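Using the working numbering, you'd call the opening residue of the sequence shown number 819 and step up by one each time.
Structure first, then comments.
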Amino acid sequence: MNDYLEQCALAIYKEKFEYSDETLPVGWSWHALSEFFPVKTGKKDANVAVEGGKYPFFTCSQSSTTTNAYSFEGDAILVAGNGNFNVKWFRGKFEAYQRTYVLMPENGELLGWLYCAVKRNLEFITQSARGSVIKFITKGNIADYKIAVPQDVLTNEYVKQLNQLLLTVEESKKEIAALSALRDILLPKLMSGEIDVSNIELSTPPNNHLSVG
């Protein structure tokens, strides 16, 4: 479901915010990504990662690891600066690898829109002037990249929708994490017999089939 919601967000961005100079709507203009967030990099080496740490640790990998300290807090877009270029997002306290770019929007209401903007344009951000794929991303590749911006971006209906989709995904991830933690607590106790469920009566679900006379 989370993957589906993200694909919906990217589809909305593609339809409503991707334009050329010739098709840019009246009142819209081109703005560099650096106008919406500073482009920072993580400072930590890979050896700070620990299993079962308290905070996410974002590296250039598609998946994150964990660590017990954090350097960043807030709404963030994470861009892998080399290797397998990818884009992630997170809200809260986290740590970042030294080759990972941390983009923290000055206005959290634009997180969903900016995340989609970066992810949809990553292919172009990672191309050189000659059109070939670069080996690593520089700050300038991200900061100077321009996107189409509506006149009243904060009140734009589709900007709000994109942010709401990300918030829905975030709530779903929290529920998954809570259920996973509960499973990890209960399963060993069930396996060891510490918790006895033999006397629990399971009710039969109602028969909802309609008979056709």
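Think of the CB as a built atom: it goes at the ideal place given N, C-alpha and C, for glycine as much as any other residue.
As the structure is a prediction and not an experimental result, all values here were calculated from the model.
- Around the C-beta of L928, 16 or more other C-beta atoms lie within 10 Å, and the residue is accordingly described as buried.
- Within its own chain, the residues whose Cβ lies closer than 6 angstroms to the Cβ of R917, once the five positions on either side in sequence are excluded, are C878, G899 and N900, listed in chain order.
- Counting C-beta pairs closer than 8 angstroms gives fewer than three between the segment 830-841 and the segment 864-879, which falls short of the contact rule.
- Counted as a single uninterrupted DSSP element, the stretch harbouring Y919 is not any alpha helix (DSSP H) but the beta strand (DSSP E) occupying residues T918 to L921.
- For Y873, the uninterrupted beta strand (DSSP E) segment begins and ends at Y873 to F876.
- Beta-carbon to beta-carbon, V905 and T884 are separated by about 20 angstroms, too far to satisfy the 8 angstroms threshold.
- Using a 10 angstroms sphere on the CB of D863, the tally of other CB atoms stays under 16, which defines it as exposed.
- When DSSP states are grouped into helix, strand and coil, Y963 belongs to the coil group.
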